[in-house]
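Student:
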Amino acid sequence: MALMELYELTIHDLQRLIQRREVTAGQVLRAFLKRIAQEEGKIQAYMTVTGREALARAARLDRRLEQGDQVGSLAGVPLAIKDVICTQGIPTTCSSKILEGFVPPYDATVMKHLYNAGMILLGKTNMDEFAMGSSTENSGYKATRNPWDVSRVPGGSSGGSGAAVAAGLCAGALGSDTGGSIRQPAAFCGVVGLKPTYGRVSRYGLIAFASSLDQIGPMTKDVRDAAIILNVIAGHDRCDSTSVDLPVPDYTTQLGREITGMRIGIPDEYFIEGMDREVETAIRGAIGVLESMGAKAERISLPHAEHAVATYYLVATAEASSNLARYDGVKYGIRARGANDLLAMYTKTRQNGFGAEVKRRIMLGTYGLSAGYYDAYYLKALKVRTLIRKDFEDAFKRCEVILTPTAPTPAFGLGEKTDDPLTMYLSDIFTISANLAGIPGISLPCGFTQAGLPIGLQLLGKPFDESTLLQMAFAYEQATEWHRRKPPL
Ligand code: GLN
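What follows is the structure, encoded as structure tokens:
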């Protein structure tokens, strides 16, 4: 430990050091700012680095610590936030040109919780525009690099957050997950990513992509850190009517409990042709590790899984086409110049402001919702969504946790899939169902390819049973060393 740099430490390590006053929040912050100065040029994880505000906040916190004030569980912990989450006074772009210069007049509920817990905001992270994508290449500004191999993508859409955590450019991060955008980049970057149950975390101030699927969650260096952040951000919020009024347990209490006798469902449908051989081997290995700790693996079936991608791309695009109607040059971000009337102004603003993938989704969604096609596409998709949810209800009668790969392949090369949207969509084939069903899912490192790329293991749980997911993930993590490897920067 003595040999580790501050930027390499986990949140729970930093918590301890800061609260015992072995280091100051200022020292921790400066270690991260120095790391950013050294490595960000290579990785391009951030949209905005809020160094000045962070230094002021850390200094205030250190004064309070000196006075012996009570401070929160994240006191002095520097976090990075995906640029889809509104931050008062700090630009929030969704990595879209259309929101260039937009500075929210309010904080998202999760930001309020994090600040109250003493978190130091390091900055806002790059993403696929409006969270549409799986590689962060759809950002309207720049592509983020995978710290394990800078010629590869970090995954997406929370690729900036995933890369920042992996490269030690922050202690932890928030992402958002509509179809896999926390879990898939976590897998590609070799970190932990947790998508909570729909309704567990407030979406107030999360810029909407597909409102019935979106959920905010932590991306961290290990499982305990994910539990610590979830403790802070989970809970009911009057400002989000879809947030659920259930008590928030302490998500760290089940960590370290035995998993003997727990049943793990292995869905037949998730071991498909076309899956990377090294991924499959790593996943089979992980099942073996959990069995050796006394868990019981059992084959299960999720018969409608094959329809998940099609269903998702109807539901998500339909909701997106409606949510993105608000970007018309009137209230937010850029406004096209030189238009003679209102309609021309709308059209020109949207033409210039949105990237190709966002336009594709808006058109698809509008089509699926239009009169004459609504029943055949959108309504049909909603019915299939119900069947997918039922598959999980049935499966969870036989097991506590479902285990799958997070993604069918490790991180792919930059530019490899940009010309083929359908192949890009398939990288979410294993993550999408959890959003359609509303259930929680976690991705954690379970091995590396021969080329040194991380592989992610996904665990899915019953609604509002994040505790059991974290318990099993923690048990696996304790038995393995994958989470300790650092990218060769
Ligand atoms: N990659 C998926 C998509 O492009 C999921 C994105 C997400 O979860 N935000 O829609």
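Using the numbering used here, the first residue of the sequence shown is number 24, and each one after it goes up by one.
Backbone N, C-alpha and C define an ideal beta-carbon position, used for all residues, glycine too.
Predicted, not measured: the structure shown is a model, and the values here were computed from it.
Decide if Val302 is buried, meaning its Cβ has at least 16 other Cβ atoms within 10 Å, or exposed.
Tutor: So Val302 counts as buried.
Student: Once you ignore the five residues that flank Tyr274 on each side, which residues in its own chain have a CB closer than 7 angstroms to its CB?
Tutor: The beta carbon of Tyr274 is closer than 7 angstroms to those of Ala250, Leu253, Asn254, Glu489, Ser490 and Leu493 in its chain, skipping five residues each way along the sequence.
Student: Compute the distance between the beta-carbons of Gly479 and Ile462, then report whether it is under 8 angstroms.
Tutor: Against a cut-off of 8 angstroms, the Cβ pair of Ile462 and Gly479 comes out as no contact.
Student: What's the C-alpha gap between Leu392 and Leu269?
Tutor: Whole-angstrom Cα-Cα distance: 34 angstroms.
Student: Given 7 angstroms as the limit, tell me if Ser199 has its C-beta closer than that to any heavy atom belonging to the ligand GLN.
Tutor: Checking the Cβ of Ser199 against the ligand GLN gives yes.
Student: Could you name each continuous alpha helix (DSSP H) segment of 4 residues or more that falls completely within the region 277-324, going from the start of the chain to the end?
Tutor: 300-315
Student: Rounding to the nearest angstrom, what Cα-Cα distance links Gly179 and Ile66 in this structure?
Tutor: 14 angstroms
Student: At which residues does the beta strand (DSSP E) containing Thr243 begin and terminate?
Tutor: Gln238 to Thr243
Student: Contact between the region 186-197 and the region 433-450: three or more CB pairs below 8 angstroms?
Tutor: no
Student: What's the call for Leu37, buried or exposed, on a 16-neighbour Cβ count within 10 Å?
Tutor: buried
Student: Is it the case that the CB of Gly378 approaches a heavy atom of the ligand GLN more closely than 7 angstroms?
Tutor: Taking non-hydrogen atoms of the ligand GLN into account, the C-beta of Gly378 is found less than 7 angstroms away from none of them.
Student: Just the Cα atoms here: how many angstroms apart are Ala25 and Phe471?
Tutor: Low confidence applies to Ala25: its pLDDT is 48, below 50, so where it sits in the model is not reliable enough to give any reading.
Student: Can you list, in chain order, the residues of its chain with a C-beta nearer than 7 angstroms to that of Arg44? Leave out the 5 residues immediately preceding and following it.
Tutor: Leu88
Student: Tell me the residue span of the beta strand (DSSP E) that contains Leu480.
Tutor: Leu480 -> beta strand (DSSP E) spans Pro477 to Gly484.
Student: What does Phe471 pair with, by DSSP beta-bridge criteria?
Tutor: Pro477
Student: State buried or exposed for Asp451, treating a residue as buried only when at least 16 other CB atoms are found within 10 Å of its CB.
Tutor: So Asp451 counts as buried.
Student: For Thr110, which of helix, strand or coil comes out of DSSP?
Tutor: strand
Student: From the DSSP output, which residues share a beta bridge with Leu197?
Tutor: Ile104 and Pro241
Student: Roughly how many angstroms separate the alpha carbons of Arg86 and Ala194, rounded to a whole number?
Tutor: If you take the alpha carbons of Arg86 and Ala194, they lie about 22 angstroms apart.
Student: Okay, do the region 73-82 and the region 39-55 touch, 3+ Cβ pairs below 8 angstroms being the bar?
Tutor: Contact between the region 73-82 and the region 39-55 is present, because at least three Cβ pairs lie under 8 angstroms.
Student: Please confirm whether Glu500 and Val246 have their CB atoms less than 8 angstroms apart.
Tutor: yes
Student: Hey, out of Ala333, Phe419, Gly356 and Ala328, whose CA is closest to Thr446's CA?
Tutor: Ala333
Student: Look at Cys212 and Pro241 and say whether their C-beta atoms are less than 8 angstroms apart.
Tutor: The Cβ atoms of Cys212 and Pro241 lie no closer than 8 angstroms to each other.
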